[in-house]
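Engineer: Quick one: structure below, then a few questions.
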Amino acid sequence: MANSQSSNALMRLMLNFIFIVCLSNQGLGLIRYSVPEELDYGSSVGNIAENLGLSVEDLSARKCHLASADGRRYLEINIQTGVLFVRDRIDREERCEQSPSCTLAFQLILENPLEMYRGEVEIVDINDNSPSFPENAILLQMAESIAPGSRFPLESALDPDVGINTVNEYIISPNEHFGLKVHARKDTVTAELLLEKSLDREHQASFQLLLTAVDGGSPPRSGTTQINISVLDSNDNAPVFEKEIYTARLEENVPVGTLVSKIKAVDLDQGTNAELKYSFLNIVPRRVRELFSLGPETGEIKVQGQLDFEETNSYELDVQVVDNGSPAITGHSKLLIELIDVNDNAPEIKVTSLSGQVSEDTAPGTVVTLMDITDRDSGENGQVNCHITLGVPFKIQSSHTNHYKVTTSRALDREITSLYNVHIIAWDSGSPPLSTNKTIQISVSDVNDNAPQFSQSSYTLYVMENNAPGASIFTPTAFDPDLDQNSYISYSFRGNLQDSLEPTHLRIDSMNGTIYALRSFDYEKLKTFQIQVQARDAGAPPLSSSAAVNVIILDQNDNTPVIVSPSEQNGSPAVQIVPQSAGQGYLVTKIMATDADSGQNARLSFRVLQAADPTLFSVGRNSGEIRTTRSILDHDDTSQSLVILVSDNGQPSLSSTATIRMSILGNVSEKISEDMELHSDSGHTSDINLYLILTFGSTSVLFLLTIVFLVVLKCKQDMGIVQTDGCTVCCCKPRNSKEALPRGSTQRDHLNCSAADQTLPFPERYHYSVCLSPESSQSEFLFLKPYSGAVTKGTC
Numbered sequence: 000m001a002n003s004q005s006s007n008a009l010m011r012l013m014l015n016f017i018f019i020v021c022l023s024n025q026g027l028g029l030i031r032y033s034v035p036e037e038l039d040y041g042s043s044v045g046n047i048a049e050n051l052g053l054s055v056e057d058l059s060a061r062k063c064h065l066a067s068a069d070g071r072r073y074l075e076i077n078i079q080t081g082v083l084f085v086r087d088r089i090d091r092e093e094r095c096e097q098s099p100s101c102t103l104a105f106q107l108i109l110e111n112p113l114e115m116y117r118g119e120v121e122i123v124d125i126n127d128n129s130p131s132f133p134e135n136a137i138l139l140q141m142a143e144s145i146a147p148g149s150r151f152p153l154e155s156a157l158d159p160d161v162g163i164n165t166v167n168e169y170i171i172s173p174n175e176h177f178g179l180k181v182h183a184r185k186d187t188v189t190a191e192l193l194l195e196k197s198l199d200r201e202h203q204a205s206f207q208l209l210l211t212a213v214d215g216g217s218p219p220r221s222g223t224t225q226i227n228i229s230v231l232d233s234n235d236n237a238p239v240f241e242k243e244i245y246t247a248r249l250e251e252n253v254p255v256g257t258l259v260s261k262i263k264a265v266d267l268d269q270g271t272n273a274e275l276k277y278s279f280l281n282i283v284p285r286r287v288r289e290l291f292s293l294g295p296e297t298g299e300i301k302v303q304g305q306l307d308f309e310e311t312n313s314y315e316l317d318v319q320v321v322d323n324g325s326p327a328i329t330g331h332s333k334l335l336i337e338l339i340d341v342n343d344n345a346p347e348i349k350v351t352s353l354s355g356q357v358s359e360d361t362a363p364g365t366v367v368t369l370m371d372i373t374d375r376d377s378g379e380n381g382q383v384n385c386h387i388t389l390g391v392p393f394k395i396q397s398s399h400t401n402h403y404k405v406t407t408s409r410a411l412d413r414e415i416t417s418l419y420n421v422h423i424i425a426w427d428s429g430s431p432p433l434s435t436n437k438t439i440q441i442s443v444s445d446v447n448d449n450a451p452q453f454s455q456s457s458y459t460l461y462v463m464e465n466n467a468p469g470a471s472i473f474t475p476t477a478f479d480p481d482l483d484q485n486s487y488i489s490y491s492f493r494g495n496l497q498d499s500l501e502p503t504h505l506r507i508d509s510m511n512g513t514i515y516a517l518r519s520f521d522y523e524k525l526k527t528f529q530i531q532v533q534a535r536d537a538g539a540p541p542l543s544s545s546a547a548v549n550v551i552i553l554d555q556n557d558n559t560p561v562i563v564s565p566s567e568q569n570g571s572p573a574v575q576i577v578p579q580s581a582g583q584g585y586l587v588t589k590i591m592a593t594d595a596d597s598g599q600n601a602r603l604s605f606r607v608l609q610a611a612d613p614t615l616f617s618v619g620r621n622s623g624e625i626r627t628t629r630s631i632l633d634h635d636d637t638s639q640s641l642v643i644l645v646s647d648n649g650q651p652s653l654s655s656t657a658t659i660r661m662s663i664l665g666n667v668s669e670k671i672s673e674d675m676e677l678h679s680d681s682g683h684t685s686d687i688n689l690y691l692i693l694t695f696g697s698t699s700v701l702f703l704l705t706i707v708f709l710v711v712l713k714c715k716q717d718m719g720i721v722q723t724d725g726c727t728v729c730c731c732k733p734r735n736s737k738e739a740l741p742r743g744s745t746q747r748d749h750l751n752c753s754a755a756d757q758t759l760p761f762p763e764r765y766h767y768s769v770c771l772s773p774e775s776s777q778s779e780f781l782f783l784k785p786y787s788g789a790v791t792k793g794t795c
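If you number the sequence shown the way numbering that gives the first Met the number 0 does, the last residue is 795 and the count never jumps.
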């Protein structure tokens, strides 16, 4: 054992220099190394980085790694130095058995971009195994009558090594009767025991010889066995086969029981010495005995196991025949069996490198998968074709013999298809052809190629005024078909808010897009506005889109009616003068009111809330006109008071009240005295007030006289003057010839009248007709009758 270890160490030192052959054809990308077997862990095979012209930085940055066809990791690469070293003990005999050539294939794979280099490491045999014989002793029986020159095949020694390290010499211990005949066939050396001198059982009945098998290693190794020879009394003739070598050819898939060949031997002896029995020699391996059977009486060799061309394509069977003599004599022959390949192996698909995820912006032609497609059959049966099923954006191309790559064939879109099941079909050229299917999954990773999209380009939003501050008013939602951060959306206002809005009016939640009103809206100040909402994803670079939100403020009944006319004077209700002669329907005054709301909330209605005499005055529900409901009687109070309620149509309704005092007068003097009395009765009379009342009355009389004078002049110009009963009558000419005097009235009934227009500080214009009675002086008032209308009808 010590000798063996020293021999191994010496061999390692001798083979420490490693031969590296890099094929000049770079298209093949093949790297070949040669190392002895049994190297220790960490032993260097070669600097693969230098051989490929790569820097060690590339090895690390491009995730360099090795892949092997059988999955075992005998080798490893140090990405820090680029050195390929032994990772696990390599036993050539365990891996390649008796094969004359033993290689360890590997693939070097680099990523970004994806590249693959193929390499082979030739495992050089070292002489680490000694020859050994199957049995410790070989038993032979020989008749004494056997003639010199007879040969007896001996069981060969077994040596797992190959080449020069296997058995190449046999030595027998010195003796005078026997020698060795050594035969070199193919890769094996066999020996036959040669009888050189006749035997004489009576002189020597047995022999013990030592057979030594020596290999050609340095130093050589050897093994021995004992040959025990018994010399028998003569059975003179040995059986002889008809052929020294038999041959047969059969297909590998023949059924069990198929006849391979029939061997036959003859023996010139007679009787029991001529009875023959066939058998395999002990040198036939056990596996071969399991595949074939030999009929001991018939000599028929049949198939009794499943043959496999890919495992072994030929067999060599050593057979013998033994007669029934005493002692028995044997004859020997060989049967050479050649197997014919049939297409019984489907192609095998092995993925050596798979990029399970591809970016959707990957350019066409990018390599995503490397694979090997092989067929164990030979000839046409082993020729492989392959393709990818239609409908996927990938194609398969051959890079080297039995090596293929899958590349993208067109642009990818993750939003349309995010996962592809790529079905690869490989078939051979046999008849019938055999095929194999393999499915690989390739997922498409997302890039930010889609901007967020709102469901609408613009939204219309209705918000009631006086909304609660801080409440959400709307949530516009955008959708982004991208994934992960490319679909994370943040919301914001795009640009500045309108001039009618302050930054503190609105706020938007950047996470969900909810818009909050931070203040209450006032319809009377702001009725509508527009904002732009922007949705922005978190991609790199980010993409965005916007939508317009049109906000319409809805009115709420939050304003009470405001009474414009008649207005209070110095905090006192307005006083309206009503002539004693006013008849039913006489227009006393008109309530003018406004409401800041709109629509139904600004629609006003009027009604009498309180009246001193409910039967005397009424108010128009929609017009606000206060009219007499009957003629004024003598016994009616000359001072009347009305409280008018002005209500809007909102829900709930809001209202205001107006108090109006009416003074019923028979003439102007009476009016002034009653006014003075009224103010004195009310407790508001003072010296200043009295002066003001007198001044106001005098001014009014002068104003009215002026109006009368102007009306008379106008009537003279338009109609002329009529003298009746000593009274100058001014008749207003109707502006429309079709207008007639009131039914039952004549011009005489309307003497001493004049018309004047007076513009009031109200939106409407009123005409006042002033008439002087014949009995009174021209300076006295009969009545003051305001009424509305675009056309003033003649009432004189």
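Note that beta-carbon positions come from the ideal geometry of N, C-alpha and C, so glycine has one too.
1) Could you check where the beta strand (DSSP E) with GLU191 kicks off and where it finishes?
2) Go to ALA60, then tell me how far its alpha helix (DSSP H) extends in each direction, as first and last residue.
3) So VAL287 and TYR314 are in contact, right, with Cβ under 8 Å, and what is the actual spacing, rounded?
4) When the distance is taken between beta carbons, is HIS176 closer than 8 Å to PHE206?
5) For SER457, does the three-state DSSP call read helix, strand or coil?
6) Under the three-state reduction of DSSP, which class applies to GLU75: helix, strand or coil?
7) Extract the residue ranges of the alpha helix (DSSP H) inside the segment 273-352, only unbroken runs of 4 or more that lie entirely within it.
8) Counting C-beta neighbours from all protein chains within 10 Å, is the total for GLN79 16 or more, i.e. buried, or is it exposed?
9) Below 7 Å CB to CB, which residues in the same chain sit around GLY215 once its five sequence neighbours on both sides are set aside?
10) Can the beta-carbon of VAL120 be found closer than 8 Å to that of LEU74?
11) If you count every other CB in all the chains shown that lies within 10 Å of the CB of ASP186, and 16 or more means buried, which is it?
12) Enumerate in chain order the residues of its own chain whose CB-to-CB distance from THR745 is below 7 Å, with the five nearest sequence positions on each side excluded.
13) Report yes or no: do three or more beta-carbon pairs, one from the segment 332-339 and one from the segment 366-380, lie closer than 8 Å?
14) Rounded to the nearest angstrom, what separates GLN25 and ALA60 at their Cα positions?
15) Should HIS504 be labelled buried (16 or more other beta-carbon atoms within 10 Å of its own) or exposed?
16) For ARG734, count neighbouring C-beta atoms within 10 Å of its own C-beta (all shown protein chains included) and say buried if the count is 16 or more, exposed if not.
17) Can you list, in chain order, the residues of its chain with a C-beta nearer than 7 Å to that of ASP340? Leave out the 5 residues immediately preceding and following it.
18) For the beta strand (DSSP E) that GLU414 lies in, which residues bound it at each end?
19) Does DSSP put SER486 in a helix, in a strand, or in coil?
20) Under 8 Å, do MET463 and GLN555 count as touching if we go by C-beta distance?
21) Suppose contacts are defined by Cβ-Cβ distances below 8 Å. Is ASN558 in contact with ARG602 by that definition?
22) Give the straight-line distance between the Cα atoms of LYS404 and TYR515, rounded to the nearest whole angstrom.
23) Please report how far the alpha carbon of THR513 lies from the alpha carbon of GLN531, in whole angstroms.
24) How is the beta strand (DSSP E) around ALA48 delimited, first residue to last?
25) Could you check whether the segment 627-645 touches the segment 599-613, counting it as contact only if at least three pairs of C-beta atoms, one from each stretch, sit closer than 8 Å?
26) Using the C-alpha atoms, what's the distance from LEU157 back to TYR116?
27) Use the C-beta contact count for ASP415: other C-beta atoms within 10 angstroms, 16 or more gives buried, fewer gives exposed.
28) DSSP has CYS385 in a bridge; who is on the other side?
29) Mark PRO540 as exposed unless 16 or more other C-beta atoms lie within 10 angstroms of its C-beta, in which case mark it buried.
30) Taking the straight line between their C-alpha atoms, what separation do you get for ASN536 and ASP445?
31) On the criterion of 16 or more Cβ atoms from any shown chain inside 10 Å, does ARG91 qualify as buried, or is it exposed?
32) Look at the alpha carbon of ALA204 and the alpha carbon of MET141, and state the distance between them as a whole number of angstroms.
33) Can you tell me the Cβ-Cβ gap for LEU553 and TYR461, rounded? I've got them flagged as a contact below 8 Å.
Structural biologist: If we stick to the structure as given:
1) Indexing the sequence shown from 1 puts residue 191 at position 192. Taken as a continuous stretch (DSSP letters only), the beta strand (DSSP E) holding GLU191 covers 187-194.
2) Taking the sequence shown and counting its residues from 1, one reaches residue 60 at position 61. 55-60 is the extent of the alpha helix (DSSP H) around ALA60.
3) Counting from one through the sequence shown, the residue named residue 287 turns up at place 288. Counting from one through the sequence shown, the residue named residue 314 turns up at place 315. About 6 Å separates the Cβ atoms of VAL287 and TYR314, confirming a contact at the 8 Å cut-off.
4) Numbered from its first residue, the sequence shown carries residue 206 at position 207. Numbered from its first residue, the sequence shown carries residue 176 at position 177. Going by C-beta atoms, PHE206 is nearer than 8 Å to HIS176.
5) For the purposes of this step, residue 457 is identified with residue 458 of the sequence shown, where counting begins at 1. Residue state, collapsed to three classes: strand.
6) Mapped onto the sequence shown, residue 75 falls at position 76. It is a strand residue.
7) For the segment 273-352, whole alpha helix (DSSP H) runs of length 4 or above, ordered along the chain, are 285-290.
8) Residue mapping note: residue 79 aligns to position 80 of the sequence shown, counting from 1. GLN79 should be labelled exposed.
9) For the purposes of this step, residue 215 is taken as residue 216 along the sequence shown, with counting starting at 1. Taken in chain order, the residues that qualify are ILE163, ASN164 and ASN167.
10) Sequence index remark: in the sequence shown, residue 120 carries index 121 (1-based). Sequence index remark: in the sequence shown, residue 74 carries index 75 (1-based). Yes, they are a contact pair.
11) Counting from one through the sequence shown, the residue named residue 186 turns up at place 187. Flag for ASP186 reads exposed.
12) On the sequence shown, position 746 is the one that residue 745 refers to. Only weak support exists for where THR745 lies, its pLDDT of 40 falling under 50; the value from the coordinates is given anyway. Result list for THR745: empty, nothing under 7 Å.
13) Short answer: they don't touch.
14) The sequence position of residue 25 within the sequence shown is 26, counting from 1. The sequence position of residue 60 within the sequence shown is 61, counting from 1. Summary for GLN25: the model assigns pLDDT 37, below 50, so the residue's position carries little reliability, and this model does not support an answer.
15) Position 505 of the sequence shown holds residue 504. The residue in question, HIS504, is buried, as its Cβ has 16 or more Cβ neighbours within 10 Å.
16) Here residue 734 refers to the residue found at position 735 of the sequence shown. With a pLDDT of only 39 at ARG734, under the threshold of 50, the placement of this residue in the model should not be trusted; the figure read from the coordinates follows. Its Cβ having fewer than 16 others within 10 Å, ARG734 is exposed.
17) Walking along the sequence shown from the start, residue 340 turns up at place 341. If you ignore the 5 residues before and after ASP340, its C-beta comes within less than 7 Å of the C-beta of GLU251, PHE308, ASP376, SER377, GLY378 and ASN380, all in its own chain and listed in chain order.
18) Residue 414 sits at position 415 when you count from the first residue of the sequence shown. Looking at the DSSP string, GLU414 is not in any beta strand (DSSP E), and its letter there is neither H nor E.
19) Here residue 486 corresponds to residue number 487 of the sequence shown, with the count starting at 1. Three-state result, SER486: helix.
20) Start at 1 with the first residue of the sequence shown, and residue 463 comes out as number 464. Start at 1 with the first residue of the sequence shown, and residue 555 comes out as number 556. GLN555 sits close to MET463, with the two beta carbons spaced by under 8 Å.
21) The residue given as residue 558 occupies position 559 in the sequence shown. The residue given as residue 602 occupies position 603 in the sequence shown. Cβ atoms of ASN558 and ARG602: not closer than 8 Å.
22) Here residue 404 refers to the residue found at position 405 of the sequence shown. Here residue 515 refers to the residue found at position 516 of the sequence shown. Distance between LYS404 and TYR515, taken at the CA atoms: about 57 Å.
23) To locate residue 513, count along the sequence shown from 1; it is residue 514. To locate residue 531, count along the sequence shown from 1; it is residue 532. Cα to Cα, the separation comes out at about 13 Å.
24) Position 49 of the sequence shown, counting from 1, holds the residue named residue 48. Where ALA48 is concerned, there is no enclosing beta strand (DSSP E), although the alpha helix (DSSP H) around it starts and stops at 47-51.
25) Counting Cβ pairs under 8 Å, three or more are found: they touch.
26) Translated into positions along the sequence shown, residue 116 becomes position 117. Translated into positions along the sequence shown, residue 157 becomes position 158. Each residue's CA atom was taken as its position, placing TYR116 and LEU157 some 38 Å apart.
27) Position 416 of the sequence shown, counting from 1, holds the residue named residue 415. For the sequence presented, residue 415 should be read as Ile rather than Asp. By the neighbour-count criterion, in which a residue is buried when 16 or more other Cβ atoms sit within 10 angstroms of its Cβ, ILE415 is exposed.
28) As a first step, residue 385 is located in the sequence shown; it is residue number 386 there, counting from the start. Beta-bridge analysis with DSSP links CYS385 to ALA425.
29) Residue numbering aside, residue 540 sits at position 541 when the sequence shown is read from its first letter. Burial call: exposed.
30) Within the sequence shown, the letter at position 537 stands for residue 536. Within the sequence shown, the letter at position 446 stands for residue 445. Correcting the residue type first, residue 536 is Asp in the shown sequence and not Asn. One C-alpha to the other measures close to 13 Å.
31) Sequence index remark: in the sequence shown, residue 91 carries index 92 (1-based). So ARG91 counts as buried.
32) Against the sequence shown, residue 204 aligns to sequence position 205. Against the sequence shown, residue 141 aligns to sequence position 142. Approximately 10 Å, taken between the alpha carbons.
33) Within the sequence shown, residue 553 is the residue found at index 554, counting from 1. Within the sequence shown, residue 461 is the residue found at index 462, counting from 1. Indeed, because the Cβ distance is near 6 Å, the residues count as touching under 8 Å.
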